[in-house]
Structures are given as C-alpha cells and as structure tokens.
C-alpha cells in the first residue's frame, strides 16, 4: 500500500515509547491519503472498490470502499501485500475508517452491519498475486484479531459528498514466530464503509545511555506485559562499578529501573550524565567515580589530557604516603644553630627550625647518634642501645632533645635530620628464620614489616658474637659468610624507607655448624634427595585420585549451587556480584535457610526479657556468646508453639532474605536456631526500637540536620537493596530500627503478611493477592500490584514525612479508602511544621504519579549528602504555615445550621471536633458570631498548627470536598 504519506507526529500521537513502521514500501502502511494511486493490496473481492473520497477536512483522498448492504450474506475480503515483521514479536495496527449508519440508508435489508473483522496470516513469503475467491480466504489459516466497531457513524449527505466521521482504532496481535512476515486481511460482512488508512508498527525501547552504560535498541516482548532484558556496556572511558549491567524493556517501549552501573575512569569526569570527558591539561582525577577533575596542586602540573596525577615540577617531590591531591614539596633546608650542653654523661641539644620548610607543615626531627674512635678505618659507629633519648630520637616535634647514659671520655657526633611526619619509618620486622647453615655461614630470611609505611629500600642486618658487624640487603634474606666454626651469633634486622630506618627486630641467636655436624647434615641432604624422588611418584598418584573424587563430588552437589552461581555471577560476568535470590524459588525452603543463614548452637543464646510480640511469636532481648568471641546484645524472634509447616517456612524466609544482605543500614542477621525448639531468628539488637515510636517519644528533640542524617542512612540502605534487585514493599518508619548511636537500619523483610487472610490490622488493606499498607504504597502498586524500586521510593517519601513530623501518622485519621481517593485526585501531604522546603520538595518528587519521574535511591542519597554538606539549605524557607482552603466562610459548609447550635462547643460537637475546643477558645473564638466571621483560611490554619494537630487539616478540608479537590487544599 505505497504512495501514502504520513508524519512522525502521527506515530508519536498514537504510540507510547517508540514505534517503527515495518512495511517495506512506505514510512507507514497506509491506505491514504495521497494524490498518487491508492495503496496496493494483493487482491480483494469485487465488492471492495478503490475510489476517491474526502477526509474529515474535505480533502480528496483515495480509499477502499464497500457498500453491499442491499444484498444478504456478504463475505468480502481485502488482503494487504506482504509485510516483513523485522523480528518483531508483537504487531500493532492502527486503522482509520468511516462507517455509514444503517438507519440512515432507506429500504436496507436486515443484513446491514456497522462492523468489520481484522485477520492476519503468518507466512514465510507473500501469497501469489491474483488469488481470488471467498472460498480460499474463508478456509485459509487466518487468525482473527478482533471485530472492529465504529465509535461514530455518519448519515448526512450534501452536494460535495458524504460528511464523514473518521474513527481510529488500534489493535495488537502476537506472538509472531512462524514466519518472516504476515498479511493483513479485512473482512466485510455487509457494512457501508470506507477504509482510509492503515498503519502497522511495532514498539521498541530506544538506544539509551544510563548510569554511563549504553543499552542497545531493544524490541518489546511478545506480550504487552513482557519484560525483555537488555545487557549494557560501559561507554567510552568508563568502567564497571556494579555488574551485571542491564535494563528491562517493558511492553510499552519504556525502560525500567537499571541494574548495575558504570562510572568514569580515573582521568575522566562525567559530562551531561552520558559522556566521560578527559580531564584537560592542568587538571587531574586520581580515582574512578562521579567526581570532577581538579586543578593540579601547588608545584605540580599535567601536560597531557586524562591525567590521573599531576607530576611535580623540577625540584619538588611527593612522599610515598602523600596523596595525589597533596601539594608537591621540596626538601627542607637543614636545622639551624644547633647548640649542645654537656653534663657529665648526658647532653642536651637545641636547634632552630629550617629557614625553608619546603611547603610542608608536618615536619619532624630525627636524631642520629654515632660513637667515634680516635683511629681505625671504621672511625664512627652507631650508638649502642644503652644510650637513652629522654623524649625519643625519631619523629620529634620539639626542637630539643636530652640524651643520657653516654660513656665517659668518649667522642660522640649527633646529626639532626628534618623530615615530613607523613613519611613514618617502617615497623619492626616481626621474626627471622634460619634457612640453612654450614660451618662458616648461615642463610636467613624474614617477612617484610607489617606496616612498611612506604617502599622498602633495603634492610640493615646487624650481627655479633663479641664484635658487632653490619651488612646491607636489598631483599628480605641474607647469607652471612666468613663466620667462625661452631659459633653462635646474635642477629637483628631493620628496614629502611625514604623516611629512614625502622626499629631493630628482637635479638635472635643462630649458630654455625661444627665439622662433624656439617658432614652429618650433608649426608642427610643426599638421603633426602633420593627420598624425594620416591615421594614424588606417590604424590602424583594421590593428586590424580583427588581430582577424580572432586569431580564426582561436584556432580552430586545441590542444584541450588548452580542457581546461586547463576545469580551471583550474572551468567558469566565477574564473580562476587550479589543479586537477591527469592527463598521461595527453592523447592525446599530449608535449603535456602542453610544457604544464607548461619546455624547457631542454642547453648550460645541467653534469653533475658520480652520486648515485644511479632507476627509469629514473642520477641526477646538476649545475649549471644559465640565460641571464642565477645558476648553481644541481640534481638531474638521466636516461633510460637503449635505452628504449621507453612508458618515455619514463612517465619524462616525472613532469615533467608536478611542473610543475603551486608550493609551498615540494613539490620544484620546473626544466625538462626532451627535444630531445636523454639525456632529462633537472631539479629543485632537496636536499643531505641522502631523509628516511629522513637520519634514520638522525642518530639522536637532533634535538630533538622540530625533528622536528615537519619534519612540519609535509610536511603543508603534502600539504595543497597535496589542494587541487589530487592523490592521491600513495606518501607515505613515502623519498620526502621534505631540503635544507641541513632543509626537507622531497614528491617522487616517478612513477606508472609501479604499472604495472610486476617485483615484486623487497619494498616493493611486486603487486595487481590494479599494485603497492602495503603498509606505508604504507591498508586500503581495499590491498583495493579506493580511493586518496583520506584514504588519503594514513594514509600520513602512517606517515611521522610514521618521523620520530619516526629512520628505523625500519615494522612492522620483518614480511612484507607479516603487515602486512595485523595491520592487519585492528586492530593499530597503538606509539609510538616518547620520542615525545610528542600525536604518537602524531595517528598513531592518521590510522590510523582509517573513512577519513571521519581528519583532513584542513588539520587536521593546524593541530594541528602548535599544538604548535610550545606546546612544553610535546611534553614532557608521552612514551612511554618500550610496552605489553606479557598476564601470561603467556614460555616458556609459546616453542616448544621446555626439555629440548631447555641455555642462554639455545640458547633464543634456537630463537626465531631470537640477535641479542639481549647484551641478555638484559646485563640479568641469564644462565640458563634466570631466563628461566623472566620472567612480567612489563615485564621483557621493558625488554629490548626498552633494546636499541633495536623489531622485537623483533613477534618476542615472535608467541608470543601463537594466543590474543591484535595489539590486545592
């Protein structure tokens, strides 16, 4: 059906996401409009005519028409040319057509219709042209899509032709898998109609860059509810942060929440969120992540793009412990004006700091002591350990030192060194080992210092029997030669970096062999060589047996190990990436508990007192004393007596879930007790309990910045859960626990409550498939059970409101159904008292009706971090007065007539607001005439907020619901 024009605007007006026409002959498969010949069909019944007509704007068009309403038993077919589906699995057809009203046609028989049928036929190639005959089409394996009926039919006729009312209908069909393309067929059973245009298209998710990962153009699935996984790849100059990197393409051609992410490599900064731009000359970035390039520090420069570090200018240096963002420094000049005061066998040294400190403010001093002889090649040697430095000899901050226990009548030299404090000396070498020994030598080795504090330049080995000797070694080993026969030597070693020598190791004694011992040792070595050859043959045999056993054992491993590997490794991606595994996917739920939760010996658990009751039993405070570890406080959930197997499974499923999480803002599972009674889940103990009750007990006691810190912790925990592809579904302040340091942790991962039939808890409303916490749940989750990370973001907005109102109940005393209706009418909770504008705006962003418009948890964490770094943003523009209803007299809609009440108390009683009597009277509204004059919303809400009863907003707003929606309140 070529020769037909269409615009991209039409495509966008009918299709959500991206639609691509799939016919090979025109931008869209159309039957009109065009001045060229009408769109071709493969064949049609004679009753279908290709004629000129008019569209709704009286423009000339070419159409296919049929109007055999005066003859009974019509069966007229119109078959399109072959359409290549281009790998699409679901096809959409948009039809524009007109239908004549049967009642407007005089003398028509009863066979007149106002509908027609749409069919399709999958095939590998086009049907032969010229095929005719109703018999063929009626018997061909066409599949019916739908019967199409007109929303509007026309009946008027004027001299210019029929005045048509154009109908537009869209239908879809699939899945397509049997051929490369298809034919469409239109069947008329006796209508007077015109087929104006047909557009055939499919939907796709466009190529997109998210989280610095490129996702390719992806076709939607075979069903409108299908989700198609698209694997992403990092854009240029970005590296993986979390894997696997994937997006889900839904049936509407929309991308779902991404999983995994990339970030810009060191030397590159993010630009516009989808490009990693190289750091220009003169800047650098030393780490991978979201940070920006920084100017080179003082005395450094970068002469290339994408620099990860700025090199120091000539004459300036960085120490091994200096960071890339630290300034380059030069070597300080020597200490000045050293003065010594000798008192018998002690000396006091004082000096002035160096004139040039080399741009460093962390200088310290080392004192090197040497004892000198009057003659000999080795005139000066290091002082022995008997010399005492009163305030130490390394890392001195003061410019003086006292040295005692010197030998009388002996010459000493003291060298004052200045060095940066950051470059601390290495720690002590922990131990030395003798590798081998002969009559004249022995070989030693040692591990490097546990804290080298820089690059080890070399080691100094000191050894002596009567006289001391020193050798150097570049490696952590040495062979000491030229030793005496059968003699013991005391050996010590120390390491050196640019900051100087560390301390000597403890003294260890090693001895050379006598002649007899050496000969015996040599014989043993020869015997050992012969024995090694025999042992080698045995070892090879044992290794072969071990390999065979290992392979057999691997074949017998649980099938769940494969499942865990699939989830953890992402099907071939890097190992160690954790993705949440639903414990209910295990055929045996006990297998999930064993997989993710540690079994604890009940003898290690001590129950102390009841602190609450849970869905399955009591909750206790207790103590856990693991073997060889420190005793800790824990919370213990127990399973009540007389449980069913299903209750036990549901109870332990929470442990199977918690055991997969490891994050500071997620409640930590210590373990479970399943092999004895009672069955227990043991978690870390949170001293301050649930967040909502804790805030109510401390109303007004915390500054805003501390509340934001709590919110940041909750958002951090939820970000972790979202990254693991876990949807909480019940995020609320009651399910956040607070420890003694006011750290908030997300808890309550038991999903069984959604399966229970008991609806006694007003927090949860029964819905198809389970119960929903309405006040905290996103509208799409309430209506369609679409729980996603985006619905958790909605719940996080409610938690934010709870925190800022110090535990106030969301939507106050409104019923659950009223809450649902209010949200549907775009009502959103007002800002709590003294809530900063930026925080209320964050709540409103979380409550966007379009879930794709809500921020992601990483964005929320970033926003809260900015608020914490800039506390001034939390002070400006706080909300102290909520917006009120329109300027109408309150009593205009106050229900009872004033003639029926005689006092303010009676009027409040009629409104069921007697609890606010003191607030009204205390504000000066002591008589009905004064109440009648309350035409200002400001006065009403002044009373409301002065009394600190935000639920009154709802009570008063109910008076206006007949005329004003919640969005006006």
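Numbering (this note's numbering), first residue to last: 443 to 1411.
Think of the CB as a built atom: it goes at the ideal place given N, C-alpha and C, for glycine as much as any other residue.
Here the structure is a predicted model, which means the values were calculated and not measured.
Contact between the segment 1107–1121 and the segment 1133–1142 is absent: fewer than three C-beta pairs spanning the two stretches fall below 8 Å.
A distance below 9 Å separates the beta carbons of residue 589 and residue 559.
If you draw a straight line from the Cα of residue 1191 to the Cα of residue 1023, it is about 13 Å long. By DSSP's assignment, residue 613 forms a beta bridge with 535. For residue 1044, the secondary structure class from DSSP, reduced to helix, strand or coil, is helix. Beyond the five residues adjoining it in sequence on each side, residue 626 comes within less than 6 Å, by CB distance, of 522, 562 in the same chain, given in chain order. Among the bridge pairs identified by DSSP, residue 862 is matched with 805. Shown here, residue 581 sits in a helix according to DSSP, grouped into three states. The alpha-carbon of residue 1108 is positioned some 13 Å away from that of residue 1096. Residues 868 of the same chain have their beta carbon placed closer than 6 Å to that of residue 894, with the five preceding and five following residues left out of the count. The residues 516, 555, in chain order, have a CB closer than 6 Å to that of residue 631 in the same chain once the five nearest residues on each side in sequence are set aside. Annotation for residue 851: no alpha helix (DSSP H) segment contains it, and DSSP assigns it neither H nor E. Distances from the CA of residue 1186 to each of 1223, 1127, 1221 were compared; the closest alpha carbon is that of 1127. Under the DSSP assignment, residue 1077 falls in the beta strand (DSSP E) whose first and last residues are 1074–1080. A direct Cα-Cα distance of roughly 54 Å separates residue 737 from residue 1064. Cβ contact annotation for residue 1287 (same chain, cutoff 6 Å, sequence separation greater than five): 1297, in chain order. In the DSSP assignment, residue 712 falls within the beta strand (DSSP E) that extends over 710–713.
The residue among 1076, 1043, 1083, 1046 with its C-alpha nearest the C-alpha of residue 1059 is 1083.
Between the segment 1068–1088 and the segment 1145–1156 there are fewer than three inter-stretch CB-CB distances shorter than 8 Å, so the stretches are not counted as touching. With respect to the C-alpha of residue 1030, the residue from 1043, 1155, 1062, 1090 having the closest C-alpha is 1090. Spatial neighbours of residue 836 in its own chain (CB-CB distance under 6 Å, excluding positions within 5 residues in sequence) are listed in chain order as 808.
Within the same chain, and ignoring the five residues on either side of residue 932 in sequence, the residues whose Cβ sits closer than 8 Å to its Cβ are 905, 906, 907, 949, 950, 951. Assignment of beta strand (DSSP E) within the segment 704–753, counting only whole runs of 3 or more residues, yields 710–713, 717–720 in chain order.
Residue 550 and residue 611 have their C-alpha atoms roughly 27 Å apart. The C-alpha of residue 657 is placed about 6 Å away from the C-alpha of residue 651. With a 10 Å radius around the Cβ and a threshold of 16 neighbouring Cβ atoms, residue 512 comes out exposed.
For residue 769 and residue 890, the gap between their C-alpha atoms comes out near 30 Å. DSSP places residue 1139 inside the alpha helix (DSSP H), whose first and last residues are 1133–1139. Secondary structure of residue 659 (DSSP, three-state): coil. Under the three-state reduction of DSSP, residue 897 is assigned to coil, being neither helix nor strand.
Boundaries for residue 629: no alpha helix (DSSP H) harbours it, while the beta strand (DSSP E) harbouring it runs 623–630, taken from the DSSP string. Per DSSP, residue 1229 lies in no alpha helix (DSSP H) segment and is marked neither H nor E.
When only Cα atoms are considered, residue 884 and residue 875 end up about 11 Å apart. Straight through space, the alpha carbons of residue 691 and residue 506 are spaced by roughly 37 Å. Here residue 717 is not near residue 746, since their CB atoms are 9 Å or more apart. Bounds of any beta strand (DSSP E) do not take in residue 1183, whose DSSP letter is neither H nor E.
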